[in-house]
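For reference, the structure discussed in these notes is given below.
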Amino acid sequence: MKHASEGKRIAHIKISNLTNGTHRYEFECDASDFADEWIDTERFSAPIFITAALTKAMTEIVVELSVSTTASLQCDRCLAPISKRLSGDYRILFLQSAEAANGSDDDDDVRVLSKNETHIDLTPDVRETLILAVPMKNVCQDAACAENDAPIKREFSQTHSKAFESEWQRKLAEISKKFKN
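The opening position of the sequence shown corresponds to residue 33 in the numbering used here, with each subsequent residue numbered one higher.
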């Protein structure tokens with residue numbers, strides 16, 4: 033599996049000579065720039081927009097990353113193609129001090145930079161933010177898709193006065209009676 037580090041550097045920012053204060057950077061890329069199977073050009077065919085706000089104070093740099101795009105997805109109910117606007121945010125603290133090396137190595141949101149670092153590469157963070165922005169459930173707003181729920185509702189709201197269409201409905205009615213009594 034290819035990872036973003038094998039693709040090009042998408043959000044690469046020079047931090048040497050960065051003055052204290054807030055600095056904004058904007059990037060635009062395509063899915064093919066990642067060279068990653070999780071970010072394919074079929075799903076992410078629209079441009080990907082990245083905004084990074086770096087706030088530097090002495091030996092700390094706080095990066096507030098925002099990623100947005102429009103993805104081509106499939107409805108989980110009817111498999112119709114849908115287009116959905118995705119956006120995600122991520123915040124990272126970079127420390128540029130020797131004492132910070134003794135901090136927690138388990139925290140992905142805090143990273144240690146050596147005093148000699150001249151750039152930070154946010155490409156892996158952009159990748160993860162984009163992947164996490166994809167919803168787990170995708171449902172279209174099409175009226176026909178909502179009709180797909182109708183057979184399920186009919187099956188579970190079967191009244192006792194109607195004749196049973198299947199063995200499943202008969203068994204369901206028997207179970208329903210047991211819980212009502």
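Just so it is clear, CB atoms sit at the ideal spot from N, CA and C, and this is done for glycine as well.
Host alpha helix (DSSP H) of residue i (start-end)
i, result
"residue 165", "155-165"
Residues that residue i bridges to, as DSSP identifies them
i, result
"residue 106", "113"
"residue 171", "BP columns for residue 171 are empty, so no partner."
"residue 121", "98"
"residue 127", "92, 144"
"residue 152", "45"
Run of the beta strand (DSSP E) containing residue i, from where it starts to where it stops
i, result
"residue 80", "80-89"
"residue 60", "53-61"
"residue 46", "44-46"
Per-residue burial, residue i [other beta carbons within 10 Å of its own, 16 or more giving buried]
i, result
"residue 207", "exposed"
"residue 159", "buried"
"residue 162", "buried"
"residue 51", "exposed"
"residue 157", "buried"
"residue 101", "buried"
"residue 121", "exposed"
"residue 140", "exposed"
"residue 164", "exposed"
"residue 211", "exposed"
"residue 209", "exposed"
"residue 200", "exposed"
Min CB distance residue i to chain C below 7 Å
i, result
"residue 156", "Among the chains of the structure shown, chain C does not appear; only one protein chain is present."
I want to know whether the region 148-159 touches the region 80-100 - three or more CB-CB distances under 8 Å.
yes
Could you tell me whether the region 109-121 touches the region 54-74, where touching means 3 or more Cβ pairs closer than 8 Å?
no
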